[in-house]
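There are 2 protein chains.
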Amino acid sequence: MTAAANQSGRRPTTSRRLERAGIRDVAAAAGVSITTVSDALNGKGRLPDETRSRVREVAERLGYRPSAAARTLRTGRSGLIGLTVTTYGEEPFTFTEFAYFAEMARAATSAALGRGYALVVLPASSRHDVWGNIALDGTVVIDPPDQDPLVSELYRSGVPVVSDGKPGNCPVTAWVDNDHEAAVLGILDHLSEAGARRIGLLTGTSTDTYTRLSTEAYLGWCAKVGQEPVYETYPAHDPAAGAVAADRLLARPDRPDAVYGLFDPNGTDLLAAARRYGLRVPDDLLLVCCSESDVYATTEPPITTLSLKPRKIGTTVVNLLIDAIEGVDSGTGVDIARLFPPRFRTAGTGPPPGTLMPTELIVRASSQRRSPRTTVSPPRAPGEV
Amino acid sequence: MTAAANQSGRRPTTSRRLERAGIRDVAAAAGVSITTVSDALNGKGRLPDETRSRVREVAERLGYRPSAAARTLRTGRSGLIGLTVTTYGEEPFTFTEFAYFAEMARAATSAALGRGYALVVLPASSRHDVWGNIALDGTVVIDPPDQDPLVSELYRSGVPVVSDGKPGNCPVTAWVDNDHEAAVLGILDHLSEAGARRIGLLTGTSTDTYTRLSTEAYLGWCAKVGQEPVYETYPAHDPAAGAVAADRLLARPDRPDAVYGLFDPNGTDLLAAARRYGLRVPDDLLLVCCSESDVYATTEPPITTLSLKPRKIGTTVVNLLIDAIEGVDSGTGVDIARLFPPRFRTAGTGPPPGTLMPTELIVRASSQRRSPRTTVSPPRAPGEV
DNA sequence: CACTCTTGGAGAAACGTATCTCCGGGGGCT
DNA sequence: AGCCCCCGGAGATACGTTTCTCCAAGAGTG
């Protein structure tokens, strides 16, 4: 076989129509080998700059675009990161966390792109074949439920998984979460200082980490200060149920004089419910809710909100994940022990590394009993861990 | 080479650690050939059910997961669809269209997953290598600017492109858009019927299709009914500029008694501006804005909004794109002429197929001068094309 | 019985890249 | 002069599928 025959490649008889230029075509056109083209384009190997630029020029002229599929097959890296959110209905995103998710996803997308990765959105409930059909370098999971089979399988098959929300029993590479306990305690203190005597809670029925930790923090605080808990729960994924629960909470005989709502729409719901009962905010009822929406800056009155800083979370989660991806593969395998707490090792290696991110309390009129002379002064340092 | 040696594969000496099972391993374990495994798992070929189920069982037992990269390389299909939005700043999504984009993306994700595809979000401005590193079966482009080089290159390289928003000079496979002219005319008629004498417009400075068509429709209407145009423009991607522009509009000597705002935050902005000038809505000022947010149902007063139905758009766009993807490849190439108006053909093949989707006017108190006896009655059939 | 048809399945060639291995040759050093 | 080393690059293999082609054997059929 002559060199020319070899370089011109294996297009024996069938000259396909409108074939895209491959690396072989570039090599042939530049009069070099495939190796040289690959090295020149990827900045590897030892080549004089002259060869490198010449090859690049030829590639450009031919409109050469390397095949992502072939590269992925060869290198084992796709540059793709999955972004998974636990779904409650048939929609790929949840409703209650919509603003949070949108912000978080946006930040995650930015962070990933900044490091050369792209994000693909995959609901946890999607059919399994979709998951299997995509080469993922790693996955971000938002608030995985305990014993999530999807996370377990991903982890088992060697795909790094970083979760937003402290995981229950799922084995993950790392996780990031807010310090929900500190956040709730901070709000309760804030409301107390504003004069609240009996603080109520509007919370959810689901068992995700956020709901659970927040509710536990509330109950613990009640036990500590000796207040009888006053709370209502509702399925947070049902957009209509929130208003009903808000109404229930304010209709109770032991009606609270301050309420914290765990979910985004609670502020609007509680405000509407307060109007129905003739309660004035903040005079008769102090209000705080957890939300990423800035509509609460312009409600009447503006409502104090707790921000979970989804942008920071999204950025951190993605960076941790990419660190794991690149750390694993770049080394000789030594890092695996650190980044993948192996399932075979006996206990004692400790839980996966977690990071707590600060929240931010945005104090507005709804949680200040009288003249709002100082508008910004979170009673507890938000960065506290 | 014996059959056994061949089937056991080419793992000569280096027994890699913890290797994932490949199709060869399944074939060896099941005592059949690779072909049979592939056929059994993909439902192809002619195999008795017994063999099929046996192979499937062995694959399951070994935890076999086909390599997406290899499959993509071989079949030329990745099951991945790009979702691109034109960016104005450094963020991957635009701000002004945020709710619209979020809804549209959610619907698109659902539709894609329903057909076995996944969506990857790629800002048009992202570095070129990210685009080149991902095997995309097709791309959805939101509101491409005229002569978008990215779209042109995608199209040239044979990737189907469907755009949300009628494209200017970009060659696309198909496009979907609202009938913006009909929508604006419908709103203007609606406001006129509500008693408006001079209708103002809050619009943007950018040249995207939505802004352009809407503004032109407004100007045309003004010319027709003999009203002097009263409008202010501002860079829609600047979240702060909207409030300023709203203020400018209401500060004019020829202050309008009704305003339509083209962008999501305009409702809030105009409401705030009206308060500053002591104008009561709807008594002194009728208000309509284009928004997908339901916060306008609970403002004081509730504001009439125009919905562009992003969910329908997202679903339609994705389905058109997947039709193109699968139509092209399934046939013998005959369909190419229909789905890809070839650039070589002389003019006369007509523009790419476009679909106009209806909008929906959600009438609330802000656009009804007196007692809101009938709360739902769009003055013009929203489905009109 | 000779033949064709159908069934069930095996072989091997791609897909396009990255990378490991190896090699010729020229220049410097002893 | 002989040796070693480094520069510049070529060859070949592997990544893990899908799929085209082909074959053996048994079942019908005249």
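Line by line, the protein sequences give chains A and B. Residue numbers for the first sequence follow the numbering used here, beginning at 82 and rising by one. Residue numbers for the second sequence follow the numbering used here, beginning at 82 and rising by one. We put the CB at the ideal spot given by N, CA and C, even for glycine.
For residue i, the residue or residues it bridges with in DSSP
i      : result
T284/B : T314/B
G342/B : L283/B and C370/B
M185/A : Looking at the DSSP assignment, M185/A forms no beta bridge with any residue, so it has no partner.
A255/B : V243/B
A199/B : L161/B
E131/A : Answer is none; E131/A lacks a bridge partner.
T385/A : V369/A
Buried or exposed by the 16-neighbour rule on C-beta atoms within 10 Å, applied to residue i
i      : result
R152/A : buried
T467/A : The question about residue 467/A has no answer, for chain A in this structure spans 82 to 466.
K390/B : buried
N214/B : buried
A189/B : buried
S134/A : exposed
G281/B : buried
D130/B : exposed
M82/A  : At M82/A, the pLDDT of 36 sits below 50, so the modelled position is not reliable; the number obtained from the coordinates is stated separately. The residue is exposed, with fewer than 16 neighbouring Cβ atoms inside 10 Å.
Cα-Cα separation between residue i and residue j, rounded to whole angstroms
i      : j      : result
R445/A : P363/A : 10 Å
S448/B : N347/A : 28 Å
A110/A : C251/B : 31 Å
D410/A : R333/A : Caution applies to D410/A, whose pLDDT of 38 falls short of 50 and renders its modelled position unreliable; the value that the coordinates give is listed next. Each residue's Cα considered, the two are about 58 Å apart.
I394/A : D245/A : 7 Å
P225/A : D210/A : 20 Å
A355/A : L331/A : 7 Å
L360/B : T380/A : 18 Å
V306/A : D270/A : 11 Å
R237/A : H318/B : 44 Å
G112/A : S233/B : 30 Å
D70/A  : G219/A : Examination of residue 70/A is not possible in this model, given that chain A is present from 82 through 466 alone.
D289/B : E297/B : 12 Å
G160/B : G160/A : 15 Å
E407/B : S119/A : 32 Å
R58/B  : K125/B : Only positions 82 to 466 of chain B appear in the structure, and residue 58/B is not among them; the question remains open.
S191/B : P383/B : 31 Å
Residue i vs residue j beta-carbon contact at 8 Å
i      : j      : result
P248/B : S287/B : no
V240/B : T165/B : no
R392/A : G276/A : no
V136/B : L122/B : yes
T167/B : A205/B : yes
L401/B : V257/B : yes
L266/B : W302/B : yes
P337/A : R279/A : yes
A405/B : V243/B : yes
V369/A : L283/A : no
E309/A : D335/A : yes
A102/B : G144/B : yes
Y341/B : I268/B : yes
A263/A : G435/A : no
R158/B : I403/B : no
R105/A : I115/A : yes
L437/A : D260/A : yes
A150/B : A321/A : no
T156/B : T132/B : no
L154/B : L154/A : yes
A183/A : A183/B : yes
D365/B : A180/B : no
Residue i beta carbon near the ligand MG (any heavy atom closer than 7 Å)
i      : result
G246/A : Among the components modelled here there is no ligand, and therefore nothing to report on the ligand MG.
Nearest-angstrom beta carbon gap, residue j and residue i [assumed within contact, 8 Å]
i      : j      : result
A339/B : L367/B : 4 Å
Y198/B : I162/B : 5 Å
Y299/A : Y312/A : 7 Å
V201/A : L200/B : 7 Å
T385/B : C371/B : Their Cβ separation, rounded to whole angstroms, is 10 Å, which puts T385/B and C371/B out of contact at 8 Å.
G285/B : L231/B : Not a contact, Cβ separation roughly 22 Å.
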